[in-house]
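Novice:
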Amino acid sequence: MAGIRTAAQAKAWLEHQGKSVQQFARENGVDPATTYQVLAGRKKGKRGEAHKVAVLLGMKDGIILPSPGDSTEDKSDGLM
Numbered sequence: 000m001a002g003i004r005t006a007a008q009a010k011a012w013l014e015h016q017g018k019s020v021q022q023f024a025r026e027n028g029v030d031p032a033t034t035y036q037v038l039a040g041r042k043k044g045k046r047g048e049a050h051k052v053a054v055l056l057g058m059k060d061g062i063i064l065p066s067p068g069d070s071t072e073d074k075s076d077g078l079m
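Per numbering that gives the first Met the number 0, the sequence shown runs over residues 0 to 79.
(1) Quick one: what does DSSP say V29 is sitting in, helix, strand or coil?
(2) Which of the three DSSP states is assigned to G47 in this structure?
(3) Report the rounded CA-to-CA distance for A9 versus M58, giving the unit in angstroms.
(4) Span of the alpha helix (DSSP H) holding L13?
(5) Please return the same chain residues whose Cβ sits closer than 8 Å to the Cβ of V92, not counting the five positions on each side in sequence.
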């Protein structure tokens, strides 16, 4: 990534892609309200869902760890 985006740059990036905040949130499995709050500066993106949103928008350098409920294992092995 060339650098960290500001909120205005993140909004322009979404607009450049022709995506609404709602569409971005759906595609990335995040809460639209949290996404709006991060873009507005009401949430800083320090932890939890806001952190994930900030990283996905390029507003913060960081990693996104899988949630405890998420599993990357294939559970459809046919065994019961």
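Even for Gly, the Cβ is constructed at its ideal location relative to N, Cα and C.
Specialist: Checking against the coordinates, here is how it stands:
(1) Coil, per DSSP.
(2) DSSP places G47 within a helical segment (H, G or I) once states are collapsed to three.
(3) 7 Å
(4) A6 to Q16
(5) With the chain covering only 0 through 79, there is no way to say anything about residue 92.
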